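Read through the structure below, which is laid out as structure tokens, and then see the notes.
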Amino acid sequence: MEILENALKGKVIHDFPYPIKTRKCPHASLVSLTNPGGCVYCCPMCYARAYPWSITDKIIIYKNLVEKLSSEIEKLNIAFPFYLSQVTDPLQPIEKIKELTFQIVRILISKRLSFKIVTKSAKGVKELIEKNKELLKYPYWFLEMTVEATPEKQIITSPNASPIKERLEVIKYLTEKGIEVVGRTDPTILGLIDWEDLAWLIDNLKNAGVKHIIASCGYYNKVSMENLLNRMKNSIFRERIKKVINFYQYHPNSKKKKFLAPLKIRIDFHTKFKKLCEGNNLTYAVCQELPKEYDSKNLVSCEGSKRNFVHIK
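Put into structure tokens, the structure is as follows:
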């Protein structure tokens with residue numbers, strides 16, 4: 016994959032574009048380190064890589080990001096929690112991306128601002144802590160580690176990312192040092208991931224020190240669904256393709272722009288998964304696809320963290 020550096024022309028800090036009446040996500044200060052989907056992990060179900068405007072064979076790193084971000088922060092009166100990064104993995108094994116992430120983290124710490132990092136990189140997390148030891152005691156951040164499959168099924172979901180067992184090990188490394196880690200099991204690919212797999216995930220995430228799980232069944236457009244099915248065709252799980260297609264009601268000639276499991280299936284899935292999590296003393300939240308009534312009670316937000324403060328100047 017070709018790696019380029021370009022200047023970002025627009026604003027750095029932005030929020031989710033969801034309408035207020037229907038949005039579930041808390042307000043956030045999103046920071047895109049690269050072009051959408053600019054990531055070496057190339058996970059088949061990645062929504063960012065499936066955008067019509069994504070450039071999937073190039074990673075474009077925004078070389079002026081630190082300067083622009085610093086300037087924008089100075090002008091903020093209200094700073095929503097920062098999110099690194101919704102369109103790429105901020106700790107993927109590309110030195111310039113990791114260093115950019117480390118620089119941004121240092122800025123946020125110096126300004127005493129809240130942030131979270133979402134990743135599938137075990138080695139990147141360890142390097143983050145080693146190079147920013149103040150994170151061990153910094154109260155306004157947490158990590159979300161995606162652990163979406165068992166080791167056997169990672170060959171479909173994220174074969175280029177850190178091995179599942181290494182992700183679990185680094186979660187334990189962090190939680191034993193007092194750093195909060197939220198477990199993301201999303202998306203659970205219905206038809207590929209079984210309840211036995213989910214029970215394995217719950218058990219291992221709990222043993223690693225996770226207290227809260229965020230889950231979804233995911234949604235796909237034609238690009239991301241074809242990416243997923245093509246990955247499955249070349250694997251030992253090819254016989255499950257029909258199940259996946261049926262769950263998400265996919266047809267290549269359909270004019271639909273979005274493929275997701277029917278509402279009843281999503282409700283049944285999340286009701287059962289929440290019960291399993293809460294039975295293991297874990298709290299649970301659904302990412303976007305169902306209202307908060309299906310989350311565990313008394314959560315501050317679906318993030319499940321009490322470290323994500325809004326800062327007012």
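Last residue of the sequence shown? That's 328 in the working numbering, and every number before it is there in order. Yeah, the Cβ is synthetic: ideal placement off N, Cα and C, and Gly gets one too. Since the structure is predicted, the reported quantities are computational estimates derived from the model, not experimental observations.
- Here I229 is buried: its Cβ has 16 or more other Cβ atoms, across all protein chains shown, within 10 Å.
- For the pair V46 and P108, the CB atoms are not nearer than the 9 Å cut-off.
- Segment contact: the stretch 131–146 against the stretch 164–172, fewer than three CB-CB distances shorter than 8 Å; contact not assigned.
- Annotated as proximal: G224 and I186, with beta-carbon spacing under 9 Å.
- Cβ neighbours of L19 within its own chain (closer than 8 Å, five residues either side excluded): K73, I74, I75, I76.
- Distance check between Y263 and each of E167, C232, Y98, W68 places C232 closest, using alpha-carbon atoms only.
- Looking from the CA of S129, the closest CA among K135, V120, A137 belongs to V120.
- Under the criterion of beta carbons closer than 8 Å, K221 and L297 qualify as touching, at roughly 6 Å.
- Rounded to whole angstroms, K226 and N268 show a C-alpha spacing of 42 Å.
- When the Cα atoms are used, A276 and P202 turn out to be separated by approximately 12 Å.
- In terms of CA proximity to M247, M60 leads the group M60, M160, I282.
- Under DSSP, R199 forms a beta bridge with T161, I229.
- Distances from the CA of S239 to each of E17, H42, C57, P32 were compared; the closest alpha carbon is that of C57.
- The stretch 241–261 and the stretch 78–89 do not touch, with fewer than 3 CB-CB distances between them shorter than 8 Å.
- Out of P41, D310, Q101, the CA that lies nearest to the CA of Y66 is found in Q101.
- Under the DSSP assignment, A137 falls in the alpha helix (DSSP H) whose first and last residues are 137–146.
- For K73, the uninterrupted beta strand (DSSP E) segment begins and ends at 73–77.
- Around the beta carbon of T103, 16 or more other beta carbons lie within 10 angstroms, which makes this residue buried.
- Distance from the CA of A176 to the CA of T190, rounded to the nearest whole angstrom, comes to 21 Å.
- Contact between S320 and E293 does not hold, since the beta-carbon distance rounds to 18 Å and is not under 8 Å.
- Assignment of beta-bridge partners to I208 by DSSP yields L205.
- Looking at the DSSP output, S44 shares a beta bridge with F97.
- Under the DSSP assignment, L244 falls in the alpha helix (DSSP H) whose first and last residues are 237–248.
- Distance between K270 and K131, taken at the CA atoms: about 37 Å.
- Relative to the Cα of F284, the nearest Cα in the group Y309, K273, N323, V162 belongs to Y309.
- Contact check for T200 and E241: beta-carbon distance about 23 Å, past the 8 Å limit, so the pair fails to qualify.
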